[in-house]
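So the structure is just underneath, and the comments pick up after that.
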Amino acid sequence: MEKTWRLTKQLFTSLSFCVVFFCSWQVMAQNSMYRFQLLDGATGKPIHRGIITYEDTLGNFVKFTKIDSSISKDEVPNKVLKLSINSINYHTYSDVIHFPVRETQYFFMKKDTAYQLTEVIVRPKNYNYLPDTVSIKVKDLRLSTDKKIEDLLRRFPGVKVEESGRMTYRNKPVETVLLDGDNLMESNYTMATKNINIDEIEEIEAYDHFSENSIVAGLGSSQSVALNLKFARNFSYTQFGEANMAVVEDQLNGYSIKSNSIINTKYVKTFALLTTNNVGDNQSSINYLDYRDMSRMYENLPSFPLNYGGSFPNEGKLKLNRNKQLNVNVNNIFKIHRKLTLKLFTTYLNDEFSNQNANHTEIKLPGYSFITSDVYDFHTLPKKWGQSVNLKYQPNGYVIMEGKYYLNRGEIQYVTNQTINTELGFESNQKSLIKDYYVETLSTIKTGENSAFQLLIQNLASQNEVDLRMAYQNPLNLKINQNLLHQYQENKSTGKWIKVWIPRILIAETSYENFRLTQSLLRVQKEASRFEEERSTVRQEFKGNLDGWVYRMSVENARIKVCNNNLSGSFQRFNFDAAINSKLFKQSFSIDYSRRINPTYRNYYLNDTLYIDSRNQRIDSIQIGFPVVEKWNFNLSNYFLSKVHYELSYSVNHSEGDFFNNNLVSNLFSLQKNQWLQIQSSQQLLQGELAFYSKELGITFKTKGAYSIYKFANLINDGILRNNLSTNQSLTLSVKSGYIKAFNFYQAFTIEQSDFQNQFTDFKNTLYRNEMQLYFVKNRVNSFLQLNSYQFYSGGPFLHFLGMGFDLKSKNSQLTYSINLHNLLDVRERNFYVINDYSRSEFKNNLVGRMISLGILFSL
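Residue numbering for the sequence shown follows the working numbering, beginning at 54 and increasing consecutively.
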């Protein structure tokens with residue numbers, strides 16, 4: 054099997070490079086060089102910044118090019134193309150040209166005086182980002198099966214959508230999703246991508262070097278990325294809704310209701326969302342693994358002391374839970390004055406879900422092995438309420454003042470009923486109350502034509518009260534009650550000076566940060582565990598675009614003082630980051646390198662005893678140093694070729710730790726696991742993707758492979774040092790039709806092999822996954838058929854999931870009637886394996902059975 058995989062990887066790599074360079078040579082032979090220059094229509098002076106976009110005669114996106122010099126050269130296909138030129142403060146210029154064109158063409162741009170005032174130039178928000186904008190029409194991406202905006206975004210060049218709905222663009226995390234140029238979502242943008250009616254969106258734009266701050270955007274120093282959804286029509290109010298009733302597992306007790314309202318006026322924008330369902334769909338933007346959102350205000354906050362479980366890891370058509378969820382979001386933007394903008398965001402979530410799991414674990418130790426088993430029900434009730442106020446004041450073009458206030462309140466209750474080794478009963482009731490207060494002020498001052506200064510002050514106060522009650526039944530008859538109070542206080546002040554030495558070529562940022570935090574864990578009748586840190590950091594960063602070579606490098610000098618439960622120390626550490634990307638022979642490549650302190654080191658500060666569940670206990674997790682993580686990443690792709698696309702990436706992570714943690718894991722508290730991270734660990738990941746589009750057949754063929762290897766060492770029961778090796782390799786072959794009028798299909802087959810071994814364990818597993826989708830469109834009728842098949846572990850049974858659906862649109866397209874059938878084969882159980890350095894566990898999850906739903910969708 055190993056030889057087969059090795060041969061497959063070699064063939065895959067060789068085939069990738071051969072096809073890529075052959076197709077690159079073919080494309081170069083069909084293209085010509087196009088020269089043009091942008092000129093001010095009033096003065097005749099050259100315009101140095103802008104973007105030119107090409108479309109074919111059918112309106113399909115072909116390519117885009119940044120304009121960053123007086124005379125631009127561009128390689129374009131030899132055919133009839135429509136080009137559109139945009140530049141800051143100028144009207145859009147459009148023309149249809151038959152290529153090739155031998156002579157240099159001159160375009161005279163008309164000034165957009167509507168955005169110029171006597172004292173300050175107010176640029177329309179969309180124009181702030183034009184030099185780094187990719188724009189594609191929805192009709193050029195959409196398939197008949199697309200239901201949500203995120204379905205479209207999975208095919209947007211450079212965008213990757215995670216299972217949670219979070220996205221990356223050009224390997225950088227998406228900061229937010231704008232609605233017609235306004236940031237109405239902040240970091241919770243999955244509300245938009247999961248819930249806005251896809252028919253309302255005409256065009257999607259991707260921004261690199263994105264910033265809402267017009268001073269920073271004008272300097273071009275931002276490294277953030279964002280997406281913009283442009284509505285298909287001008288409106289002041291739109292309403293989209295959906296209501297479904299379902300028969301779930303032979304009972305008429307399923308429902309799903311969604312209502313989405315958008316107000317879009319000159320001075321007010323509102324996004325209101327109400328969703329409720331009990332069929333296993335998470336319509337909220339909440340990450341259940343951490344409960345708090347992904348915003349930077351929580352970047353230093355450690356993980357919860359307790360692991361609550363409970364999530365929505367639904368894969369394909371496998372729903373792992375029934376839930377009762379109510380989610381309400383109301384986001385508002387009020388443009389009180391042309392100089393003053395107010396944002397008010399409110400969110401509320403009430404959820405309840407439960408399931409039953411079974412676990413069978415084989416534990417292997419030096420000279421000692423045993424087997425444990427569990428059957429347990431869990432019931433989780435999370436609640437969250439959040440309120441935020443953002444105020445932005447820009448009196449002129451030289452000063453911007455912003456203030457933010459966040460208030461988050463959360464509550465989680467987690468109830469379990471468990472049977473251990475078929476003889477010992479166990480019950481637990483965990484309740485956590487969370488309060489977060491966050492205040493931020495940001496002042497930006499333009500200190501010159503090419504420089505600015507920013508002062509950022511942040512304060513975060515967090516409190517988590519945990520009430521844990523546990524009871525062992527016969528034969529132990531033991532009760533354990535714990536009341537914990539986790540408090541966290543953070544203050545941070547950052548001053549940053551931005552200087553553009555050479556426009557677009559050399560931009561420098563110099564910053565100084567003072568950071569102080571205090572956190573404690575108090576347990577009743579025990580001395581509080583306390584951790585304090587004070588850190589001052591000087592950072593210097595350089596970045597720019599040198600003739601198409603985009604680079605970035607930074608150096609930090611951090612002086613850190615810590616006091617960990619009366620153990621004090623002072624440290625000095627250097628952090629380093631560097632990145633470069635460009636296009637070479639029509640291929641895009643990027644290289645990233647970083648060596649930094651691992652930001653998760655504070656998770657190990659506690660010096661206390663904390664029970665987790667019936668088998669686990671964390672004790673004496675003492676921080677004695679700072680782990681360092683070194684990362685390399687290389688990416689090579691050809692996003693600019695139409696028929697053949699490939700992407701190769703290789704990354705290496707290497708960590709060196711100076712801390713250890715101890716865990717007690719046993720059948721009844723008898724196994725001691727010491728994970729000693731002073732030993733180096735490393736991880737390597739190789740990924741490749743090759744896709745070919747046949748215009749004649751209207752079909753895309755794609756091959757995707759990955760190979761990873763992870764090495765680490767630890768001790769268990771003070772035994773022999775274990776050198777652990779974990780490898781994983783996968784290969785996916787897929788084919789899908791594209792844009793066929795009446796019929797589309799998608800077929801994908803995946804094989805994944807895992808291997809874990811050390812001196813005492815050698816476990817191998819092979820997973821097979823097959824997915825087939827058929828779609829039919831006829832006039833106002835859409836229908837689909839989907840079959841998913843899985844074998845989650847070697848020798849296990851194949852599970853098959855069959856689903857289908859029908860949609861019928863009314864003549865005016867405002868109403869759509871639907872019927873959906875889920876899990877028609879009524880599969881109720883899923884088994885899978887989890888392996889680690891000392892055990893192998895088999896888990897069984899109960900799945901949601903057969904479900905049939907009737908629904909109606911409306912749009913006003």
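Beta carbons: idealized from backbone N, C-alpha and C, even for Gly.
- Assignment of Val-880 by DSSP, reduced to helix, strand and coil, places it in the coil class.
- Cβ neighbours of Asn-236 within its own chain (closer than 7 Å, five residues either side excluded): Thr-229, Glu-265.
- Rounded to the nearest angstrom, the gap between the Cα atoms of Ser-906 and Gln-844 is 28 Å.
- Sixteen is the threshold: since fewer than 16 other Cβ atoms of the shown chains lie within 10 Å of the Cβ of Asp-879, the residue is exposed.
- Shown here for Gly-456: same chain residues with a beta carbon closer than 6 Å to its own, the five before and five after excluded, namely Leu-444, Thr-494 in chain order.
- Sequence-distant Cβ neighbours of Leu-196 in its own chain, meaning closer than 7 Å and more than five residues away, are Asn-797.
- Positions of the alpha helix (DSSP H) runs, each at least 4 residues long and wholly inside the segment 260-314, are given as 267-272 in order along the chain.
- Beta-bridge partners of His-853 (DSSP): Ser-842.
- Residue environment: Val-269 is assigned as buried (16 or more neighbouring CB atoms within 10 Å of its CB, all protein chains considered).
- Annotated as distal: Ser-582 and Leu-570, with beta-carbon spacing of 7 Å or more.
- In this structure, Arg-557 keeps its C-beta atom at 7 Å or more from the C-beta atom of Asp-261.
- The beta-bridge partner set that DSSP reports for Glu-493 consists of Lys-457, Gln-511.
- Take Pro-528, set aside five residues on each side of it, and no residue of its chain has a beta-carbon closer than 6 Å to its own.
- Rounded to the nearest angstrom, the Cβ distance from Val-681 to Asn-706 is 11 Å, too far for a contact under 8 Å.
- Boundaries for Glu-203: no beta strand (DSSP E) harbours it, while the alpha helix (DSSP H) harbouring it runs 202-206, taken from the DSSP string.
- A direct Cα-to-Cα measurement between Asn-832 and Leu-750 gives close to 22 Å.
- For Asn-898, the closest alpha carbon among the candidates Glu-824, Asn-412, Leu-701, Glu-609 is that of Asn-412.
- The three-state secondary structure of Ile-251, taken from DSSP, is helix.
- The continuous beta strand (DSSP E) containing Gln-736 extends over residues 734-747.
- Asn-224 has no beta-bridge partner at all, per DSSP.
- Excluding its 5 nearest sequence neighbours in each direction, Gly-622 has C-beta neighbours in its own chain below 7 Å: Val-615, listed in chain order.
- Boundaries of the beta strand (DSSP E) harbouring Gly-622: 620-637, taken from the DSSP string.
- Cβ contact annotation for Ser-564 (same chain, cutoff 7 Å, sequence separation greater than five): Thr-547, Gly-548, Lys-549, Arg-592, in chain order.
- Here Arg-576 is not near Ala-611, since their CB atoms are 7 Å or more apart.
- Spanning the alpha carbons of Lys-311 and Gly-294 requires a straight line of approximately 5 Å.
- When rounded, the separation of the alpha-carbon atoms in Leu-231 and Leu-206 is 14 Å.
- Looking at the DSSP output, Val-154 bridges to nothing.
- A buried status is given to Met-220, since no fewer than 16 other beta-carbon atoms sit within 10 Å of its beta-carbon.
- Ranked by Cα distance from Gln-839, the options His-875, Gly-758, Gln-540 are led by His-875.
- The segment 485-504 makes no contact with the segment 301-315: fewer than 3 CB pairs, one atom from each, lie closer than 8 Å.
- In the DSSP annotation of this structure, the continuous segment of the beta strand (DSSP E) that includes Pro-130 starts and ends at 124-130.
- Here Pro-435 is buried. Its C-beta has 16 or more other C-beta atoms within 10 Å.
- In this structure the segment 469-483 does not lie against the segment 496-512, because fewer than three pairs of beta carbons, one per stretch, are closer than 8 Å.
- In the DSSP assignment, Thr-785 falls within the unbroken beta strand (DSSP E) covering 775-790.
- Within its own chain, the residues whose Cβ lies closer than 6 Å to the Cβ of Asn-512, once the five positions on either side in sequence are excluded, are Val-492, Asn-544, listed in chain order.
- Under DSSP, the beta-bridge partners assigned to Arg-522 are Asn-482, Asn-534.
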